[in-house]
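As given, the protein sequences belong to chains A, B, C, D, E and F, one line each in that order. If you want the working numbering, it's the 1-based position in the first sequence plus 56. If you want the working numbering, it's the 1-based position in the second sequence plus 56. If you want the working numbering, it's the 1-based position in the third sequence plus 56. If you want the working numbering, it's the 1-based position in the fourth sequence plus 137. If you want the working numbering, it's the 1-based position in the fifth sequence plus 137. If you want the working numbering, it's the 1-based position in the sixth sequence plus 137. All C-beta atoms, glycine included, are put in the ideal place defined by N, C-alpha and C.
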Amino acid sequence: MKLYEKHRLEIILERMAADRAGRVLEGAGVSGYTVLPALAGYGGSTKWRRDADISATRDMVVIVAIADRAEIDAALDQLQDLLADHIGVLNVSTVQVMRPDLF
Amino acid sequence: MKLYEKHRLEIILERMAADRAGRVLEGAGVSGYTVLPALAGYGGSTKWRRDADISATRDMVVIVAIADRAEIDAALDQLQDLLADHIGVLNVSTVQVMRPDLF
Amino acid sequence: MKLYEKHRLEIILERMAADRAGRVLEGAGVSGYTVLPALAGYGGSTKWRRDADISATRDMVVIVAIADRAEIDAALDQLQDLLADHIGVLNVSTVQVMRPDLF
Amino acid sequence: MSMALDTLTSPIILFFALGLLAALARSEMTVPEAFAKGLAIYLMMAIGLKGGVEMAANPLTGEVIRAFGAGIVLSFVLPLVAFMALRLTSKIDRVDAAASAAHYGSISIVTFVAATEVVQAVGLMPGGHLVAVAAVMETPAIITALLLASQAGARKNVAGSQQGELFREVMLNASVVVLVGALIVGWIIGPEGFEPTKPFFVASFQGVLCLFLLDMGLSAGRGLRQGWRQLDAGAVTFGLYMPLISAGFASALCWVLALQPGDAALLITLAASASYIAVPAAMRLALPRAKPAIYLTLSLGVTFPFNLTFGIPLYLAMGQWVGA
Amino acid sequence: MSMALDTLTSPIILFFALGLLAALARSEMTVPEAFAKGLAIYLMMAIGLKGGVEMAANPLTGEVIRAFGAGIVLSFVLPLVAFMALRLTSKIDRVDAAASAAHYGSISIVTFVAATEVVQAVGLMPGGHLVAVAAVMETPAIITALLLASQAGARKNVAGSQQGELFREVMLNASVVVLVGALIVGWIIGPEGFEPTKPFFVASFQGVLCLFLLDMGLSAGRGLRQGWRQLDAGAVTFGLYMPLISAGFASALCWVLALQPGDAALLITLAASASYIAVPAAMRLALPRAKPAIYLTLSLGVTFPFNLTFGIPLYLAMGQWVGA
Amino acid sequence: MSMALDTLTSPIILFFALGLLAALARSEMTVPEAFAKGLAIYLMMAIGLKGGVEMAANPLTGEVIRAFGAGIVLSFVLPLVAFMALRLTSKIDRVDAAASAAHYGSISIVTFVAATEVVQAVGLMPGGHLVAVAAVMETPAIITALLLASQAGARKNVAGSQQGELFREVMLNASVVVLVGALIVGWIIGPEGFEPTKPFFVASFQGVLCLFLLDMGLSAGRGLRQGWRQLDAGAVTFGLYMPLISAGFASALCWVLALQPGDAALLITLAASASYIAVPAAMRLALPRAKPAIYLTLSLGVTFPFNLTFGIPLYLAMGQWVGA
Ligand SMILES: Nc1ncnc2c1ncn2[C@@H]1O[C@H](COP(=O)(O)O)[C@@H](O)[C@H]1O
Ligand SMILES: Nc1ncnc2c1ncn2[C@@H]1O[C@H](COP(=O)(O)O)[C@@H](O)[C@H]1O
Ligand SMILES: Nc1ncnc2c1ncn2[C@@H]1O[C@H](COP(=O)(O)O)[C@@H](O)[C@H]1O
Ligand code: NA
Ligand code: NA
Ligand code: NA
């Protein structure tokens, strides 16, 4: 089956900022994204764990969006701004998809 | 350490169809897969959120399978059929693994 | 926006061994990692499902770490040892990031 | 009238309204899915147990058997009516109409519980077997809907689908297993064996129901906010008049079968209620092309609130009127 | 003295201590987040309902209105005091100080509940409207903190932020919706309508609180273990003396406004308590650069345990002393 | 005989059977893990509190100390017996046999609770300290199993393992922390302090247990469906006769130590029961190469159902027979 090249944006982000990242992606014309819950994490010297903190303030999520490179590029500037304030990191990779028109 | 090339199939799919996708993968000879829960998502103009809908009908999951390209190719035809009916998207990427015989 | 090449390590691992993998990564100098819960899975001939087993002994997690290749290489030896005993598989892929100094 | 007001100011309705308003005002608050699902299991265990214990205390009369028959017939037939009504009065397509119709032939156990409270409040004593009737009404509607959809050529085997998976989803889902299972347990243990579990299953029931209805209000409100754009005026109107049509059919049947007023009121309520958990899940497997936004918005966003507030007092009046 | 001992040997304190010790001993045990969140909703519903039912039974007197006024003033003013204290006595920077100050102007509903038990145990009958005062005190502190932070230039619109999102988070969070909503429900249904839900919301309350406090102990202990390195001695001391300052302010106000001893004791407790759920969430949106490790460790790790054990008996004594 | 029948028709057994049958019939229904874990914490708190309150009311006699001694000895020794039995009668390898043996030396708290109900139903009053004995029996078996496995060279330090992690998992897991902690709390607060929490921890207990056992049935049934292929006939038989051997050992010890019949019945039950939560977790850390499919299927799929249905009446009879 013929596959087509697209890109996969993955943002590891504090849960409270997930809606903001979503709005940035929507604004950049990304056709869809999915948010996954995280369970625990480590960064620098601190750790967090979902069930261990009743305030849930440090919960992280992972946002995955499959999209055209152009849309991801359109989002990156604003995401950099977002990640300057909010806790998180992002990465982009190349993937192959079946129906390129969907993205 | 020497690493070997394999492929990573990622299917973002409605939860109710996860067992069907699993059967397709098993049928194609994929050696294993893991299903992750999603928390929320956006596609086109609609959004969903896990805790926000008591019917849980729109919950999505993410299925990850590390496998040989041949097995993934064997699964793709049927997955295209599956994704024609069920809500979801998939992507394939190239990864490196330690013990190639495991996949 | 200029992006920089880093690597993405993904370990699909039994939950009980997640802390051990975390210590290995910390020891190798990885700057951070995030642990995601899994919901279900298949490997060889057996399946597991999170809500289906009160002992939760077979729960899996997915650990994602974005890092320099050197740090990942430093971790791989010990991870191979870990995965010889514990249930799990790992893969490494190439990704692009915005602020390379963070990793 | 005063009873309608009583209904509207009962704590469960008020908590439902609270959830609905919070969701419409775009509050981000949620009840965690795992917790809500646990509460749902509790509620079904409690209902099943109570029904079974009552059945153990009462002989299986002809009326009981007639009530089962009526429930099964209604669940098979009402989807036909709903399907035709939707096709005539809205722009919803054939597959979506079939899927929605299945919801209206099936039942809502929370609507049933709320009606039980109201029926008991006026001194009627509905039989415990109505719980079993409710369980029996969950399924037949799905069969009718699948027949309707297969005429449209909508059913075929999706890749990876398996012989029996739909059957298991429909006949062995949580609601059937727990409801029927608890009913049988209640029937075996009887009033005496039930006693030690009563503080949990009986005394706490009303309170848990309040908490659960808060969550249902949140779900219904969010469904409305997300889904109303998918519905034309015809569809929304359907969500309001269809329960009345169903109630009409059920009333006629209750009259013919000479059911007692309390049983009649509950059977009418079951007929008028629409599923929003079991049937949607079955539809995702059986008719994945049908759009959940349509059938969920109709059953959870339109019909459920209508039944809870205005429907139930009406169905009680109808039950009293046609009841033997 | 003996009352302080009574407090320290009450089951809720002991379960809190159990959780705290387990976390400090590095036990891996947790209460699942979904379950704990469900319990929190239960607790707020129960508190709101009880408060509303009591309010329905009592007329809205001038004293009630004065209590509301006092609560709002305290919530607006205390963050200023807290901010200055932190800046003077610790090395915490401006933005972190503003964020922490918001926590101290706002309230802890669990501290409030624990105080209510103690106050009732000595025979005082605080009014149900104190629950509403608690709800009203959640928010103003956040406004003050944002003003303090904006002076430092810390507030600007983060990418993707939306008009109204902070307002919704602050005014429509779970705690406000459920507390205020249940209060209104309780007020509408009154004692009679409340009756059937009492086994769940009243009789089970103490037990659920024990379970919840076990989880709070685990959270507080883990917060301490993770966060204490971020705090200098000045900051930790602040977490201990700030509640006393707040209590002092509140006492003066209670005396001026001639509140009754029970109401005074609770208002003093509210002033002395610090938020650890609603305000941290709001701060992540409004002041994302402020470090959660600082404000959470202070409010949940230092102030909450202090209030629960030594604070409450003291605030009761103060309330009795200044109360009319 | 009639008591065996009573046991088999108690609601908790019937709900267990319901879950087991549903899982064997391949129902997809589940109880969410977070909810089930919350219920487990509730159950352990309730058991611990009740035990502690009873201990507060009774002096620590010599018999109490003898019961502790018996529990510790049994937990140390039974894994040896289990290990040898498995090696002799099944094809299970050394490491798997050691890991499985640990489960049989340790205990199942739900089996203990079910037995307590039955023992009290015949009018015996077992001491509250048996809860503490149960807690004490969780751990020693793990030590024996590790010694057995290390002879096979199976233990070595896995990468990333840490000094003390196994100790924390074993000594500070949820079950030990909550059970022992609640016991101490109950012991401190005594009957009077326990009173306000009784509606939650005592009155609701039976009902929650029903819900929990539904989930245990689901787990056991699924474990059986998945795991039976890993077990040869010898292993399955072991899951049925090993509890009887353990019960025999325990009976002898009870007779020697002249324990009272109620205490004896419970100690015999503890000896005969096998762990399915705490020990499996410890084994994943300590002996990761041992296959969970084997030890979980044995303890949860074979031994637990056997004990719950046929075992407990037998252990009661044995307790009455050897008891002083
Ligand atoms: N390099 C990384 N790879 C994966 N996750 C990360 C990484 N760095 C940070 N995180 C996640 O972000 C959280 C906060 O990181 P930090 O702000 O560095 O403490 C961590 O607890 C992880 O969940
Ligand atoms: N391009 C995408 N990348 C990631 N997730 C997606 C994408 N498109 C759709 N999804 C997921 O699929 C769900 C349904 O999409 P849709 O059918 O387009 O409404 C969304 O809510 C997302 O969770
Ligand atoms: N190739 C794979 N890709 C993704 N997940 C896998 C793979 N192999 C194994 N797993 C995960 O690891 C678990 C245990 O695998 P196994 O030890 O092969 O039974 C499975 O249930 C999956 O969750
Ligand atoms: Na219906
Ligand atoms: Na305060
Ligand atoms: Na044992």
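Checklist entry - With respect to 7 Å, is the separation between the Cβ of T113(B) and the closest non-hydrogen atom of ligand 2 below this value? => result No; taking the cut-off as 7 Å, the Cβ of T113(B) has no heavy atom of ligand 2 nearer than that.
Next on the checklist: Check for me: the beta strand (DSSP E) holding Q152(B) runs from which residue to which?
Outcome noted: Boundaries of the beta strand (DSSP E) around Q152(B): G144 to V153.
Checklist entry - Cα separation between L320(F) and L433(F)? => result Take the alpha-carbon of L320(F) and the one of L433(F): they are about 28 Å apart.
Next on the checklist: Here's the rule: buried if 16 or more other CB atoms are within 10 angstroms of the residue's CB, otherwise exposed. What is Y60(A)?
Outcome noted: The C-beta of Y60(A) has fewer than 16 other C-beta atoms within 10 Å across all chains shown, which makes the residue exposed.
Checklist entry - What's the call for I202(F), buried or exposed, on a 16-neighbour Cβ count within 10 Å? => result Exposed, since its Cβ has fewer than 16 Cβ neighbours within 10 Å.
Next on the checklist: Measuring only the C-alpha atoms, how far is G323(F) from F337(F)?
Outcome noted: In this model, G323(F) and F337(F) are separated by some 14 Å (Cα to Cα).
Checklist entry - In chain order, what residues of the stretch 428-456 of chain F put their CB closer than 7 Å to some CB of chain H? => result Absent here is chain H; the protein component of the structure consists of chains A, B, C, D, E and F.
Next on the checklist: Please state the DSSP three-state secondary structure of A112(C).
Outcome noted: Assignment of A112(C) by DSSP, reduced to helix, strand and coil, places it in the coil class.
Checklist entry - Among the residues of its own chain, which have a CB less than 6 Å from the CB of G371(F), if the five just before and after it don't count? => result Hits under 6 Å: T226 and S227.
Item to check | heavy atom of ligand 3 below 7 Å from V145(C) C-beta | outcome: Taken from the Cβ of V145(C), at least one heavy atom of ligand 3 lies inside 7 Å.
Item to check | Delimiting residues of the beta strand (DSSP E) encompassing R64(A) | outcome: Per DSSP, R64(A) belongs to the beta strand (DSSP E) from Y60 to E70.
Checklist entry - Which residue's Cα is closest to the Cα of R76(A): G448(E), P425(E) and V268(E)? => result Among G448(E), P425(E) and V268(E), the Cα nearest to that of R76(A) is on P425(E).
Checklist entry - Who pairs with I122(B) in a beta bridge, going by DSSP? => result DSSP lists R64(B) as partners of I122(B).
Checklist entry - Hey, is the stretch 87-103 of chain C in contact with the stretch 94-113 of chain A, meaning 3+ C-beta pairs nearer than 8 Å? => result Counting Cβ pairs under 8 Å, three or more are found: they touch.
Checklist entry - Rounded to the nearest angstrom, how far is the Cβ of V317(D) from that of A272(D), given a contact under 8 Å? => result Sure, about 5 Å apart at Cβ, within 8 Å.
Item to check | Residues bridged to T102(C) [DSSP beta-bridge criterion] | outcome: In the DSSP assignment, the residues bridged to T102(C) are G99(C).
Checklist entry - For the alpha helix (DSSP H) that L320(E) lies in, which residues bound it at each end? => result Annotation: the continuous alpha helix (DSSP H) that includes L320(E) extends over A311 to F331.
Checklist entry - Quick check: the stretch 237-244 of chain D against the stretch 202-221 of chain D, are there 3 or more CB pairs under 8 Å? => result Counting Cβ pairs under 8 Å, three or more are found: they touch.
Next on the checklist: Is there a Cβ of chain D sitting closer than 8 Å to that of T102(B), yes or no?
Outcome noted: Taking Cβ atoms only, chain D reaches closer than 8 Å to T102(B), which makes this a yes.
Checklist entry - Tell me the DSSP bridge mates of T160(C)? => result This structure cannot speak to residue 160(C), because chain C is shown only from 57 to 159.
Checklist entry - Got a sec, what are the start and stop residues for the alpha helix (DSSP H) G189(F) sits in? => result Element bounds for G189(F): E170 to A194.
Checklist entry - If you drop the 5 nearest sequence neighbours on each side, which residues of the same chain put their C-beta closer than 8 Å to that of F213(D)? => result Once the five neighbours on either side are set aside, the close Cβ partners of F213(D) are G242, P277, A278, I280 and T281.
Item to check | Where S87(B) meets chain D, residues with beta-carbon distance less than 7 Å | outcome: Proximity of chain D to S87(B) at the Cβ level (cut-off 7 Å) is not reached, the minimal Cβ distance being about 17 Å.
Checklist entry - Helix, strand or coil: which one does DSSP assign to E82(C)? => result E82(C): helix per DSSP, three-state reduction.
Next on the checklist: Residues of chain A with CB closer than 8 Å to the CB of Y60(B), please, in chain order.
Outcome noted: Ordered by position in chain A, no residue passes the 8 Å Cβ test against Y60(B), which lies about 19 Å from the chain.
Checklist entry - Does A94(B) have its Cβ less than 8 Å from a Cβ in chain A? => result At least one chain A Cβ lies under 8 Å of A94(B).
Checklist entry - So, helix, strand or coil for P295(E), using DSSP? => result It should be pointed out that residue 295(E) corresponds to Val in this sequence rather than to Pro. Three-state result, V295(E): coil.
Item to check | Same chain only: Cβ atoms within 6 Å of F152(E), ignoring 5 sequence neighbours per side | outcome: A distance below 6 Å between beta-carbons, with the five flanking residues on each side excluded, links F152(E) to the following residues of its chain, in chain order: C347, L350 and L351.
Checklist entry - Three-state secondary structure (DSSP) at V259(E)? => result DSSP places V259(E) in coil when its eight states are reduced to three.
Item to check | Members of the stretch 62-73 of chain C that neighbour chain F once the beta carbon cut-off is set at 9 Å | outcome: Here the close residues are E70, R71, M72 and A73.
Item to check | Among R224(E), Q299(E) and T248(E), nearest to L422(E) - alpha-carbon criterion | outcome: Of R224(E), Q299(E) and T248(E), the residue nearest in Cα terms is Q299(E).
Item to check | Local Cβ density within 10 Å of D107(A), reported as buried at 16 or more and exposed below that | outcome: Result: buried.
Checklist entry - Per DSSP, what kind of secondary structure is M274(D) in: helix, strand or coil? => result In the structure shown, M274(D) sits in a helix (DSSP, three-state: H, G or I).
Next on the checklist: Taking its Cβ as the centre, do 16 or more other Cβ atoms sit within 10 Å of L142(E), making it buried, or is it exposed?
Outcome noted: Exposed is the call here.
Checklist entry - Looking at the unbroken alpha helix (DSSP H) that takes in S356(F), where does it start and where does it end? => result That run of the alpha helix (DSSP H) goes F342 to G364.
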